[in-house]
Amino acid sequence: RGREMSIDAKRWEDLYKLLERPGPLTGENFIPGDDTKEMLHDIIRVLVVGAGGLGCELLKDLTLLGFLNIDVIDMDTIEVTNLNRQFLFRAKDVGSSKAETAARFVNERVKGAKVTPHFCKIQDKDAEFFGQFQIIVLGLDSLEARRWMNDMVCSLIQYEEGGSVVAGSNIPMVDGGTEGMAGHVNVIYPGVTPCFECILPLFPPQINFPMCTLADIPRTPAHCVEWAKQLEWDRAKPFGEQALECDDPRHMQWLYQAALARAEAHGIEGVTLKFTQGVAKRIIPAIAATNAIVAAVCANEVLKLATAAAPHMQASTGGHYMMYQGGEGVFTNTMAHERHADCPVCSRAAVRIEVPRDLTVAQLINMKADTRLRLRNPALSVAASNAAGMKTIYNPHVKSMLLQTTPNLDTTVGTWVAESGVELTVDDPVMATQKQVAIHFKEQSSMDTS
Numbered sequence: 019r020g021r022e023m024s025i026d027a028k029r030w031e032d033l034y035k036l037l038e039r040p041g042p043l044t045g046e047n048f049i050p051g052d053d054t055k056e057m058l059h060d061i062i063r064v065l066v067v068g069a070g071g072l073g074c075e076l077l078k079d080l081t082l083l084g085f086l087n088i089d090v091i092d093m094d095t096i097e098v099t100n101l102n103r104q105f106l107f108r109a110k111d112v113g114s115s116k117a118e119t120a121a122r123f124v125n126e127r128v129k130g131a132k133v134t135p136h137f138c139k140i141q142d143k144d145a146e147f148f149g150q151f152q153i154i155v156l157g158l159d160s161l162e163a164r165r166w167m168n169d170m171v172c173s174l175i176q177y178e179e180g181g182s183v184v185a186g187s188n189i190p191m192v193d194g195g196t197e198g199m200a201g202h203v204n205v206i207y208p209g210v211t212p213c214f215e216c217i218l219p220l221f222p223p224q225i226n227f228p229m230c231t232l233a234d235i236p237r238t239p240a241h242c243v244e245w246a247k248q249l250e251w252d253r254a255k256p257f258g259e260q261a262l263e264c265d266d267p268r269h270m271q272w273l274y275q276a277a278l279a280r281a282e283a284h285g286i287e288g289v290t291l292k293f294t295q296g297v298a299k300r301i302i303p304a305i306a307a308t309n310a311i312v313a314a315v316c317a318n319e320v321l322k323l324a325t326a327a328a329p330h331m332q333a334s335t336g337g338h339y340m341m342y343q344g345g346e347g348v349f350t351n352t353m354a355h356e357r358h359a360d361c362p363v364c365s366r367a368a369v370r371i372e373v374p375r376d377l378t379v380a381q382l383i384n385m386k387a388d389t390r391l392r393l394r395n396p397a398l399s400v401a402a403s404n405a406a407g408m409k410t411i412y413n414p415h416v417k418s419m420l421l422q423t424t425p426n427l428d429t430t431v432g433t434w435v436a437e438s439g440v441e442l443t444v445d446d447p448v449m450a451t452q453k454q455v456a457i458h459f460k461e462q463s464s465m466d467t468s
């Protein structure tokens, strides 16, 4: 046993130099010594969300920093095109689960590592699952997935009667992201720092194509994919009333086949399954070097959060958000953003919108309940005096409810909301929890707003 301990100590000697003694740069809560080492190796559980280009780097960095209890969740399988940068995978792994393959590789390579894989969607896990981790790290490639995770983590916050956050209920989350030669690292402390929803307006809007171009004469492979996504899906209804889910392999395969047929009919080349996925999910090609840099910064912040060996990125240290630009030279900048007091996620505030009383439910849904929520396919309900306490206005997520509530689209909001200030409950796939929209009536009619 003594021999084993000496080998372990030798292996982590560089790390232990940071953990065995205080210094001028250590955090306020830093406790040097064996307790911190044990906490790092044996107690702290880290969840890595995503096992792609960024996720592979994160798993490597975190285990080599001494985090030996890690869970990784990813719903994707390995493709040939992943092998040039997702270095935990080999050609024999094509078609296998990314999470399971990455976990097996790291467990075999790093002595003592216990990486537990979850081959599923993040939406398949409940609050109890996410609540068991001390730190969560995001290696995702879409805004929707980040928003869902941000909403889930913020929903776990508990508050004292005085309004202060219950210690340990706000799980810190480190969000890493890359776009070509650019990247960012954002340290989110729910209830303290701005959450992802607070800074969502900083992200550029999605690129949209003129509908006439998509419907009439496509000129590029992207036009064919967007035609299949925006027009043909709703017309053909390949999976009944199911909304298009870009993370569903069956949906993406159908989208690819439809886009390919459209491209061939117009003599356009370049539509592949990978290209279709990139356009449909707004994916920008990944650069291995950018992944490595961003993941290293993420892992560094996780170490600071776990041990307090140094203050993590926050307003008092210059900012919680680090931006990296590697397109022309190397440039980084760290900044702080303001937390929004009316944020529907971290502040749990109802979104106030003003509408005319004769606005129809369909028109309200087309407004997507204001840009502050950026909803995709919302269901609406309102408080009622029935046994359930709620009455469904519209629900597109359940087929039987869709058939039952579709006629309500032509009714006015005033039919359901008796007076200003009444809150509607909104349920949408982009959010992990329900949100509230406070309806306030204004004088002019809906005809005046056209």
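So for the sequence shown, my numbering puts the first residue at 19; every next one is plus one. Each residue gets a CB set at the ideal place from its N, CA and C atoms; glycine is no exception.
* **Beta bridge counterpart(s) of E179 as assigned by DSSP** => Note: E179 sits in no beta bridge, so no partner.
* Asked: Within this structure, are the beta carbons of K110 and T95 separated by less than 9 Å?
  -> The Cβ-Cβ distance between K110 and T95 does not fall below 9 Å.
* Leaving out the 5 sequence neighbours to the left and right, which residues in its chain are closer than 7 Å to L161 when beta-carbon positions are compared? -> Closer than 7 Å at the Cβ level, and outside the excluded window around L161, lie F221.
* Own chain partners of L174 with C-beta closer than 8 Å, once the 5 adjacent residues on each side are dropped -> Exclusion of the five residues before and after L174 leaves A145, F148, G149, S187, N188, I189, P208 as the residues of its chain whose Cβ lies within less than 8 Å of its Cβ.
* Answer yes if the segment 436 to 456 comes into contact with the segment 392 to 403, meaning at least three C-beta pairs across the two stretches below 8 Å, and no otherwise. => Segments in contact, yes.
* So what does DSSP say about H358, is it helix, strand or coil? -> In this structure, H358 counts as coil in the three-state DSSP scheme.
* Take S365 as the anchor and find which of G70, T211, G41 has the nearest alpha-carbon. => Closest option to S365, judged by alpha-carbon separation, among G70, T211, G41: T211.
* To do: Give the DSSP bridge partners of T430, in chain order.
  => Its beta-bridge partners are T378.
* Asked: C361: buried (16+ other C-beta within 10 angstroms of its C-beta) or exposed?
  -> C361 is buried by the Cβ-count criterion.
* Quick one, are the C-beta atoms of V373 and T429 less than 9 Å apart? -> Contact flag unset, no.
* Asked: Q141 to A120, Cα distance in whole Å?
  -> Each residue's alpha carbon lies about 21 Å from the other.
* To do: For I305, name the three-state secondary structure that DSSP assigns.
  => Correct three-state label for I305: coil.
* To do: Have a look at the DSSP bridge pairing and note the partners of G198.
  => Answer by DSSP bridge pairing, in chain order: A304.
* Thinking V297 and R375 are a contact (beta carbons under 8 Å), I'd like their distance in whole angstroms, please. => Contact check for V297 and R375: beta-carbon distance about 41 Å, past the 8 Å limit, so the pair fails to qualify.
* For R370, which of H330, N204, R268, I457 has the nearest alpha-carbon? -> With distances taken between Cα atoms, R370 lies closest to I457.
* **Own chain partners of F123 with C-beta closer than 7 Å, once the 5 adjacent residues on each side are dropped** => Closer than 7 Å at the Cβ level, and outside the excluded window around F123, lie L106.
* Asked: Pick from V171, S182, A69, G113: whose alpha carbon is nearest that of V494?
  -> This structure gives no information on residue 494, because the portion of the chain shown stretches from 19 to 468.
* Asked: Among residues of its own chain, excluding the 5 on either side of L37, which ones have a beta-carbon nearer than 8 Å to its beta-carbon?
  -> For L37, where only same-chain residues beyond five positions count, the Cβ hits under 8 Å are P50, G51, T54, K55, L58, T325, A327.
* Asked: If you drop the 5 nearest sequence neighbours on each side, which residues of the same chain put their C-beta closer than 6 Å to that of A27?
  -> Within the same chain, A27 has no close Cβ partners at all.
* Asked: How would you write the range of the beta strand (DSSP E) that Q104 sits in, first residue to last?
  -> Unbroken run through Q104: none, as it is neither H nor E.
* Roughly how many whole angstroms lie between the Cα atoms of H136 and V90? -> Going from the Cα of H136 to the Cα of V90 covers about 6 Å.
* Alpha carbon to alpha carbon, how far is A304 from G41? -> Approximately 38 Å, taken between the alpha carbons.
* Asked: From E244 to R394, what distance separates their C-alpha atoms?
  -> In this structure, the alpha-carbon of E244 lies about 16 Å from that of R394.
* Roughly how many angstroms lie between the CA atoms of N168 and D265, to the nearest whole one? -> N168 and D265: Cα-Cα distance of roughly 18 Å.
* Asked: Hey, which unbroken runs of the beta strand (DSSP E) at 3 residues or more fall wholly within the segment 37 to 75?
  -> Within the segment 37 to 75, the complete beta strand (DSSP E) segments at least 3 residues long are 64 to 67, listed from N- to C-terminus.
* To do: May I have the straight-line CA-CA distance separating F293 from M408, to the nearest angstrom?
  => Going by C-alpha positions, F293 is about 43 Å away from M408.
* **Residues near G130 by beta carbon distance below 6 Å, same chain, minus five either side** => Counting only Cβ-Cβ distances below 6 Å, and skipping sequence neighbours, we find L86.
* Asked: Does DSSP put Q454 in a helix, a strand or coil?
  -> It is a strand residue.
* Asked: Taking three-plus beta-carbon pairs below 8 Å as touching, is the segment 274 to 282 in contact with the segment 243 to 262?
  -> Taking one beta carbon from each stretch, the segment 274 to 282 and the segment 243 to 262 have 3 or more pairs nearer than 8 Å; the two touch.
* Residue range of the unbroken beta strand (DSSP E) whose run includes K409 -> DSSP places K409 inside the beta strand (DSSP E), whose first and last residues are 408 to 412.
* On the three-state DSSP scale, how would you describe R164? -> Helix at R164.
* Asked: What is the rounded straight-line gap between the Cα of K453 and the Cα of W30?
  -> Near 46 Å, if we compare the C-alpha coordinates of W30 and K453.
* **Alpha-carbon to alpha-carbon, A402 and W434** => The alpha-carbon atoms of W434 and A402 are separated by roughly 10 Å.
* To do: Count the other C-beta atoms from every protein chain shown that fall within 10 angstroms of the C-beta of T151, then say buried if there are 16 or more, exposed otherwise.
  => Correcting the residue identity first, residue 151 is Phe in this sequence and not Thr. Burial of F151 is indicated by the presence of at least 16 other C-beta atoms within 10 angstroms of its C-beta.
* To do: Express the C-alpha separation of M419 and G258 in angstroms, rounding to a whole number.
  => Spanning the two alpha carbons is a distance of roughly 14 Å.
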